[in-house]
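Note sheet for the following structure.
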Amino acid sequence: MQQTFKNLKTTMFQICSFNFDDFRAPIDQTKTQLNTIENTQNQMFEKIERTNTACRYGVFVRSKYF
Numbered sequence: 146m147q148q149t150f151k152n153l154k155t156t157m158f159q160i161c162s163f164n165f166d167d168f169r170a171p172i173d174q175t176k177t178q179l180n181t182i183e184n185t186q187n188q189m190f191e192k193i194e195r196t197n198t199a200c201r202y203g204v205f206v207r208s209k210y211f
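Written out as structure tokens, the structure is:
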């Protein structure tokens, strides 16, 4: 019983002293990567929409807009 209590006490200490900052940097990096992917995707959708609009109305759009 005393050994079980000691093991529990040790486990509680390990949980309470756990350093969550070790995970903050990878999480922030992942968020940055997801934002970059989302921005790139939005730019692609804008280009596709401009192309569709140009094709729909038969308008020649300069390549600088693409």
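The numbering of the sequence shown is the numbering used here, which starts it at 146 and goes up by one.
Cβ atoms here follow ideal geometry from the backbone N, Cα and C, with glycine treated the same way.
Go to residue i, then tell me how far its alpha helix (DSSP H) extends in each direction, as first and last residue.
i	result
PHE168	166-202
Take residue i and list the residues in its own chain whose beta-carbon comes closer than 8 Å to its own, dropping the five residues that flank it on each side.
i	result
PHE150	none
PHE211	The predicted model places PHE211 with a pLDDT of 49, which falls under 50 and marks its position as unreliable, so this point remains unresolved.
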